[in-house]
Amino acid sequence: MSKILKPLISGLTVFVLVGALLAGCGQGTTTGNTTGAAAPDSPQRGGVFINWMKDDPRQLDPVHAWDVSSYDILETLMDGLLRWDKAGKIVPDLATEMPQVSSNGLTYTFHLRQGVKFSNGDPFTADDVVFTFNRLLAKKTASEGATLYSMIKGFNRMQSGKITELPGVVKVDDYTVKFLLNAPSRLFLDVIAMPYAFIMPKNYTTHLAKSSDFSANPVGTGPFKFAGWTKGQEIKVVRNNHYFLKDANGRQLPYLDGVTWKIGYGESVAYLNFKHLTQDFSSIPSADFINIMNDPKMSKDVVSLVSNNFFYLGANNRVAPFNNTQVRQALEYAIDKNALIKLMNNRATPAWGILPPNMPGYKPNPSGYKYDPNKAKQLLASAGYPNGLPGEYTLTYIQTAQYSTLVTNLQSQLANIGIKVKPQGLPGPQFTNIVTTGKEQLMLGDWFQDYPDPNDFLNILFNSNQIPNNNCVQYSNKTVDKELNKLAGEPDLNKAIPGYHAVEKQILDDAAVVPLYHEKFYYLVQPWVHNAQLHTVYPKFYYWTMWIDQKAEKVAKGQ
4 MSKILKPLIS GLTVFVLVGA LLAGCGQGTT TGNTTGAAAP DSPQRGGVFI
54 NWMKDDPRQL DPVHAWDVSS YDILETLMDG LLRWDKAGKI VPDLATEMPQ
104 VSSNGLTYTF HLRQGVKFSN GDPFTADDVV FTFNRLLAKK TASEGATLYS
154 MIKGFNRMQS GKITELPGVV KVDDYTVKFL LNAPSRLFLD VIAMPYAFIM
204 PKNYTTHLAK SSDFSANPVG TGPFKFAGWT KGQEIKVVRN NHYFLKDANG
254 RQLPYLDGVT WKIGYGESVA YLNFKHLTQD FSSIPSADFI NIMNDPKMSK
304 DVVSLVSNNF FYLGANNRVA PFNNTQVRQA LEYAIDKNAL IKLMNNRATP
354 AWGILPPNMP GYKPNPSGYK YDPNKAKQLL ASAGYPNGLP GEYTLTYIQT
404 AQYSTLVTNL QSQLANIGIK VKPQGLPGPQ FTNIVTTGKE QLMLGDWFQD
454 YPDPNDFLNI LFNSNQIPNN NCVQYSNKTV DKELNKLAGE PDLNKAIPGY
504 HAVEKQILDD AAVVPLYHEK FYYLVQPWVH NAQLHTVYPK FYYWTMWIDQ
554 KAEKVAKGQ
């Protein structure tokens, strides 16, 4: 899941194994913004959580939900057959239980919840499940997530347009569906839990004038229903009274009346809004981080998140001079990663490999690279550029205050070895349009975990079959492709790990990208917000169990 359109973590990506429980939120702590009154003993209904994102999401159609901004909103509106719980475990959602699996691992049988309705009142049945996967994997849909489901029988024929109905998704009766796989897959349940596979209402969607209209008025079975999207200003969702889940005491979820995402301004403005009590959530600008952490009042509202992420400097492997391996290797030695991290108030750790520290298969330094600008110059000379690269090269990135600071530093470091860089900061959607069509020269990219498996980073980012949607640097190595395809089909992750180690090293030896850092995130959440728990896989909230102490909020605001 790319943060490319996740303008703030967003962007936010996607999917988080540590720090799911936000310290200081919903624990009755007092700050300068409250009277210090004790929080109510049980959740209250009502109130609207005010969130924020820098740019509009790409769109609100799950088949194209490639970015965390879209994920964040769609998870309030829609459900899948499975989901991740707050402990990071896959559990039933629209399914009544985990699927029954045949002895050969090729057939998964799902039994569906009965009595569930979509937010428009349509009943949920097996027909909607079959429709969802036929639409997701249809050639004309061109879903960015389609290849994740290649283990389903009929995938290749669907993608080629030879068929329009999957033989691998079969309705048994109104509340039973079978999935037939080409081969056993350890990844199947993970991808079924992803937002791409959120269940869509067949009747509603097929009667739209065109398929893309779903994004303008999405309908699902989730805890909230869509209430409006004013581009560049805000998106609103309100409670879905048809939602099927209740809390442990039998109370209907969600507790909130709704969620509003304000759109169109940066981190500094978001922070000011938080201080002025008009916003319930904010990230922390680098310039204010130390002061906030040292402030005895505001520091109580700080929550942190360690997610499985990977930030990198990418060079288009197909465009000269970066189609030369030695030139790309020079980039590996040119960057002082600790200098970048210092600019981030040390809110990151250096990345010498691709897999993040909490990912199975992680190795601290699988590449052997280190900061050595003289070595970088030697490699450029060996590549035929003893005086550095001729001309100037555009470094494209998402326009944020932090990225702008980092790019200025990268520009200086690359100039030190003879590479002139022209920064190009863009809004998320424009950035994505460039890097997913292979038009970039240099780029700042990132990836956030979709599911806890090395396949999610190595296969999705570096397999040739992911060019250009996910493999934005257009790296291609047939040996790597073959091994990645083989490893994806290994049922036992532990047996696959040594193979992933070898693949990661080869990708780094080829200098496909320059790993920069793994970031740790710090946020502010208002003290009247309770159960502000972050998703265990994606960097987003569990909005359906969040609640607001409305009395404390009014007191804090002087109302």
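For the sequence shown, the working numbering gives the first residue as 4, with consecutive numbering after it. All C-beta atoms, glycine included, are put in the ideal place defined by N, C-alpha and C.
Of the candidates 96, 503 and 251, the residue whose Cα lies closest to the Cα of residue 200 is 96. Non-local C-beta neighbours of residue 179 in its own chain, meaning closer than 6 angstroms and more than five positions away in sequence, comprise 114, ordered along the chain. Taking every protein chain shown into account, the CB of residue 79 has 16 or more other CB atoms within 10 angstroms, so this residue is buried. From the listed residues 146, 344, 333 and 456, the smallest Cα separation to residue 376 is found for 333. Judged by DSSP secondary structure, residue 517 falls within the beta strand (DSSP E) whose first and last residues are 516-528.
Per the DSSP secondary-structure output, residue 336 pairs with nothing in a beta bridge. In the three-state DSSP reduction, residue 231 falls in the strand class (E or B). Bridge pairing for residue 239: 231 and 263 [DSSP]. Secondary structure note for residue 431: its alpha helix (DSSP H) is the uninterrupted segment 431-438. Note on geometry: alpha-carbon atoms of residue 274 and residue 212 lie some 41 angstroms from one another. Judged by DSSP secondary structure, residue 296 falls within the alpha helix (DSSP H) whose first and last residues are 289-297. Comparing alpha-carbon positions, the option among 529, 548, 537 and 552 lying closest to residue 285 turns out to be 529. At a Cβ-Cβ threshold of 8 angstroms, residue 308 and residue 409 do not count as neighbours.
Rounded to the nearest whole angstrom, the C-alpha separation of residue 151 and residue 222 is 24 angstroms. At a Cβ-Cβ threshold of 8 angstroms, residue 194 and residue 144 do not count as neighbours.
According to DSSP, residue pairing for residue 53 in a beta bridge involves 263. Per the coordinates, the alpha-carbon of residue 445 lies some 25 angstroms from the alpha-carbon of residue 457.
Taking every protein chain shown into account, the CB of residue 306 has 16 or more other CB atoms within 10 angstroms, so this residue is buried. If you ignore the 5 residues before and after residue 228, its C-beta comes within less than 7 angstroms of the C-beta of 80, 122, 240, 241 and 243, all in its own chain and listed in chain order. Closest option to residue 544, judged by alpha-carbon separation, among 560, 76 and 521: 76.
The beta strand (DSSP E) runs of length 3 or more contained entirely in the segment 418-494 are, from start to end of the chain, 423-429 and 445-451. The beta carbon of residue 356 sits closer than 7 angstroms to the beta carbons of 366, 368, 369, 370, 507, 511 and 518 from its chain, once the five residues preceding and following it are set aside; these are given in chain order. If you draw a straight line from the Cα of residue 467 to the Cα of residue 453, it comes to about 19 angstroms. When DSSP states are grouped into helix, strand and coil, residue 119 belongs to the coil group. Remark: C-beta atoms of residue 496 and residue 189 approach each other more closely than 8 angstroms. Here residue 230 really is in contact with residue 261; their C-beta atoms are around 7 angstroms apart, less than 8 angstroms.
Counting only the Cα atoms, residue 51 lies some 16 angstroms from residue 562.
By the criterion of a C-beta distance shorter than 6 angstroms, residue 492 is surrounded in its chain by 186, once the five residues flanking it on both sides are discounted. If you keep only unbroken alpha helix (DSSP H) runs of at least 4 residues inside the segment 301-380, you get 328-337 and 340-346. When C-beta atoms of the segment 91-110 are compared with those of the segment 250-268, fewer than three pairs fall below 8 angstroms, so the two segments do not count as touching.
Under the DSSP assignment, residue 173 falls in the beta strand (DSSP E) whose first and last residues are 172-176.
Here the C-alpha atom of residue 341 lies approximately 29 angstroms from the C-alpha atom of residue 442. The Cβ neighbour count for residue 172, taken over all protein chains shown within 10 Å, is at least 16; the residue is labelled buried.
In the DSSP annotation of this structure, residue 94 is not part of any alpha helix (DSSP H); the continuous beta strand (DSSP E) holding it starts and ends at 93-95.
Inclusion of residue 476 and residue 424 in the CB contact set at 8 angstroms is not warranted, their separation being larger than that value.
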